[in-house]
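Throughout, the numbering used here is defined as the position within the sequence shown, counted from one, plus 220.
Inspection log for the structure reproduced underneath, given as structure tokens.
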Amino acid sequence: MKSKKQLKYFDIWIIMIMIALVIIGIIAIGSATHINNPDIKPEYFNKQIIGFSVGFILMLITAFIDYRFIGRFYPLYYIIIIGFLLAVLVIGKSVGGATRWLELGGFRIQPSEFTKIIMIIVVAKLMDRFKGHINHIGVICFILVIVGIPILLIQKQPDLSTSLVILFIVFAQFYVAKIHYGYIITGSIFGFLSLFFIWWGAVQPGQVVLRKFLKNHQVNRIMSFIDPKTYAMSGAYQTQQSIRAIGSGQLYGKGLYQGTLNQFQYLSEARTDFIFAVIGEEFGFIGCLMVIILISLLIFRCFWIAKDAPDLYGRLVVVGVAAMIFFQSFVHIGVTTGFLPNTGIPLPFISYGLSALWSNMIGIGLVLNVGMLRKKTYY
């Protein structure tokens with residue numbers, strides 16, 4: 221528990237920004253489900269409100285139990301999440317060709333979402349433990365193996381987008397842990413070569429080589445991004461409708477429940493993967509800009525806290541959470557505006573999804589936790 225002195229450092233700004241994002245999300249989800257379709261039920265709206273209430277409790281619990289005490293049990297967290305990921309492969313619920321969910325007590329949870337938070341803690345603890353040897357190749361390989369096991373299990377679902385989120389988080393943590401720039405450059409070169417390989421594979425007839433490494437739906441998403449005209453009525457349809465929705469909103473939007481592309485079901489997965497398009501159509505450029513500003517302020521506040529974290533472990537945890545929010549937001553907005561291929565990444569705090577919402581709110585709890593123990597306080 222925190223002392224009265226530490227409670228004075230409770231960052232209310234982060235709470236206010238997060239609540240604002242959640243409220244925007246609930247309104248957008250309400251609009252996305254405000255259509256006459258038996259497959260899209262109003263209960264999503266109600267569940268998100270209940271989910272936020274539960275998430276707020278989880279956030280407060282995480283915030284007020286010393287993060288250093290929480291970190292002591294990182295091997296246990298790792299074992300538990302590996303167990304859940306294995307359970308998904310055995311008894312998981314399949315939706316849309318992907319097996320990512322477990323049915324527990326009437327709720328459907330997605331263990332891969334919680335894997336992000338678990339890996340933030342696990343990697344932060346390992347880097348803190350080996351901080352004097354972080355540039356030793358053996359230590360780097362050990363950490364990468366620890367990270368690679370859950371990523372391989374997540375890929376079996378398959379869920380490439382979550383794997384990319386975790387990799388980005390770990391890359392950011394390595395950078396903050398002051399890994400030698402040679403390793404960072406090597407990793408960056410490997411990333412660029414991977415992108416070049418994907419492009420090369422995409423331009424080959426039939427994408428034969430690419431299909432040996434990726435699932436068919438993943439290849440189709442890449443091809444839809446490279447050649448949207450050819451795939452306009454198939455793989456690129458979602459993105460094209462999203463771009464039209466955002467563009468039609470113009471400056472101020474069409475108004476709540478007035479988005480024609482949304483209300484007439486031209487936007488698929490509107491409550492999750494394309495929620496930003498709903499905001500763009502109904503609240504216009506002003507609404508989109510407000511979301512981007514709020515997310516940017518939240519990330520900025522996280523880095524502000526990380527700068528004065530009392531130890532390396534705390535700094536790495538906060539940076540990990542900030543990296544998670546940034547990457548997911550960047551990719552989601554990039555997909556809905558057509559700058560990135562469709563990946564299925566939700567917009568933090570806004571898209572429907574209890575597992576994603578709880579994972580992000582637990583992450584905010586960790587940030588608040590470190591913030592109450594930081595060396596200095598800024599307002």
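Every residue gets a Cβ at the ideal spot worked out from N, C-alpha and C, and that includes glycine.
For residue i, report the span of its alpha helix (DSSP H) as first-last.
i    : result
E501 : 495–527
E333 : 331–349
P370 : 357–375
G275 : 263–284
S468 : 457–469
Q478 : Taken as a continuous stretch (DSSP letters only), Q478 belongs to no alpha helix (DSSP H), as it is neither H nor E.
L387 : 380–396
L241 : 232–252
F293 : F293 -> no alpha helix (DSSP H), and no H or E assigned at all.
S579 : 574–591
Output the boundary residues of the beta strand (DSSP E) element that contains residue i.
i    : result
A318 : 318–324
S314 : 313–315
Applying the 10 Å Cβ sphere with the 16-neighbour rule, what's the burial state of residue i?
i    : result
V365 : exposed
L536 : buried
V511 : buried
I340 : buried
S383 : buried
E502 : buried
T335 : buried
Y598 : Residue confidence is low: Y598 scores 44 on pLDDT, short of 50, so the model does not pin down where it sits. No coordinate-derived value is stated.
C522 : buried
G358 : exposed
M236 : exposed
G411 : exposed
S408 : exposed
N589 : buried
I374 : buried
W233 : exposed
F496 : buried
F520 : exposed
E263 : exposed
L324 : exposed
P370 : buried
G583 : buried
Can you tell which of the options has its C-alpha closest to the C-alpha of residue i?
i    : options                : result
A307 : V498, I409, V587, P331 : P331
L372 : V359, Q438, I386       : I386
T492 : W524, I277, I338, S575 : S575
I302 : L532, V367, F412       : V367
Q483 : T253, Y297, T319       : T253
F391 : A543, L577, G564, S314 : A543
N580 : L241, F230, D231       : L241
Y486 : Y477, Q458, G467, Y229 : Q458
K474 : Q461, I446, G507       : G507
Q461 : Y472, Q438, A490       : A490
I243 : N266, V590, D286       : N266
F569 : I232, G245, W233       : G245
V343 : F293, F550, A318       : F293
L322 : L305, W524, I565       : L305
F416 : I525, I446, D531       : I446
V315 : G325, P378, F284       : P378
I399 : R431, P370, D348, I418 : D348
L434 : V310, S381, L567       : S381
I418 : I405, I404, Q438, Y403 : Q438
G534 : L481, L593, I269       : L593
Please look up how many angstroms separate the CB atoms of residue i and residue j, rounded, as I've assumed it's under 8 Å.
i    : j    : result
S444 : P561 : 7 Å
S273 : G479 : The pair is not a contact, with the Cβ atoms about 27 Å apart (cut-off 8 Å).
K345 : A397 : K345 to A397, Cβ: 12 Å. No contact.
V541 : V498 : With 8 Å as the limit, V541 and V498 do not qualify as a contact, their Cβ atoms being about 26 Å apart.
M279 : G585 : 4 Å
S549 : I515 : 5 Å
V539 : Q393 : 6 Å
Y298 : I338 : 7 Å
L471 : F505 : 5 Å
G271 : L577 : 5 Å
Y229 : G591 : 6 Å
T556 : F494 : 6 Å
L518 : I545 : 6 Å
Considering only residues of the segment 546–571, which uninterrupted beta strand (DSSP E) runs meet the minimum length of 3 residues and lie entirely inside it, listed in chain order?
-> none
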